[in-house]
């Protein structure tokens with residue numbers, strides 16, 4: 001389902017005329033729909049570790065600059081050494097200063113802004129970082145990004161969630177009752193997150 005077909009499905013539900021095009025048009029209803037779809041899509045992307053948004057990055061040195069699409073580390077062992085050991089994450093800068101000041105065979109890592117620091121530095125060779133990309137839109141030709149740029153863009157998460165998220169947002173913006181639609185969206189979001197994780 002593309003951005004255009006999805007918005008036209010929502011237009012049918014909220015009693016709007018269908019659109020020939022939605023991206024880049026001057027029609028205020030189409031502009032509102034695209035803006036609300038962006039808002040809904042960004043929220044859906046943030047609320048789960050969608051498999052299609054998971055990425056792996058090879059570490060070449062310490063500090064390692066994380067990729068431009070980096071959003072957050074995956075939970076539970078995001079940084080692995082070449083020998084398969086997990087780096088122990090250190091979140092406190094003061095603790096990190098102590099770690100790098102004391103020689104240790106145990107691998108540690110510390111995220112500072114978009115830099116991943118590892119200790120001992122030699123353990124960075126061949127290490128990998130598993131992270132969640134901020135890109136949730138799939139454009140043509142297979143370009144991943146974090147915003148819509150065309151009517152035929154799709155999403156990297158189940159599109160029915162975007163449709164349901166768009167419906168309740170539209171109704172809320174127009175001052176209509178939206179609580180039932182929001183509850184339905186939340187229930188479907190949980191179901192799709194579990195399905196994406198392989199939980200039935």
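In UniProt numbering, the protein residues as written are 1 to 200.
Where is the CB? At the ideal position from N, CA and C, for every residue including glycine.
Cutoff 8 Å; reference residue 21; Cβ partners in own chain excluding five residues on either side: A distance below 8 Å between beta-carbons, with the five flanking residues on each side excluded, links residue 21 to the following residues of its chain, in chain order: 4, 30 and 151.
Here's the rule I'm using: 16 or more other beta-carbon atoms within 10 Å means buried, otherwise exposed. How should residue 118 be labelled? Under the 10 Å beta carbon count, residue 118 is surrounded by 16 or more other beta carbons and is classified as buried.
Can you give me the start and stop residues for the beta strand (DSSP E) that residue 72 sits inside? 70-73
Measure the C-alpha to C-alpha separation of residue 53 and residue 66 and round it to an integer number of angstroms. If you draw a straight line from the Cα of residue 53 to the Cα of residue 66, it comes to about 15 Å.
Quick check on residue 58: does DSSP put it in helix, strand or coil? strand
Whole angstroms are fine: how far does the CA of residue 133 sit from the CA of residue 78? Their backbone Cα atoms lie some 13 Å apart in a straight line.
Beta-carbon gap between residue 122 and residue 81 smaller than 7 Å: Not a contact, by the Cβ cut-off of 7 Å.
Okay, do the segment 27-45 and the segment 165-176 touch, 3+ Cβ pairs below 8 Å being the bar? With the rule of 3 Cβ pairs closer than 8 Å, the segment 27-45 counts as touching the segment 165-176.
For residue 100, which residues of its own chain have a beta-carbon under 7 Å away from its beta-carbon, when the five flanking residues on both sides are left out? Same-chain partners within the cutoff: 119.
Buried or exposed: where does residue 44 fall if 16 or more other Cβ atoms within 10 Å of its Cβ makes it buried? Residue 44 should be labelled buried.
Tell me where the beta strand (DSSP E) around residue 143 begins and ends. Where residue 143 is concerned, there is no enclosing beta strand (DSSP E), given that its DSSP letter is neither H nor E.
Which parts of the segment 77-165 are runs of the beta strand (DSSP E), unbroken and 3 residues or longer, counting only runs that do not cross its ends? Complete beta strand (DSSP E) runs here, min 3: 108-112, 115-119 and 128-133.
Using the beta-carbon count (16 or more within 10 Å), is residue 34 buried or exposed? Label assigned to residue 34: buried.
Simplified DSSP assignment, three categories, for residue 167: In the three-state reduction of the DSSP assignment, residue 167 falls in the helix class.
Straight-line gap, residue 107 to residue 84 (C-alpha atoms, nearest Å): 11 Å
Take residue 157 and list the residues in its own chain whose beta-carbon comes closer than 6 Å to its own, dropping the five residues that flank it on each side. 44 and 50
If you count every other CB in all the chains shown that lies within 10 Å of the CB of residue 76, and 16 or more means buried, which is it? Here residue 76 is exposed: its Cβ has fewer than 16 other Cβ atoms, across all protein chains shown, within 10 Å.
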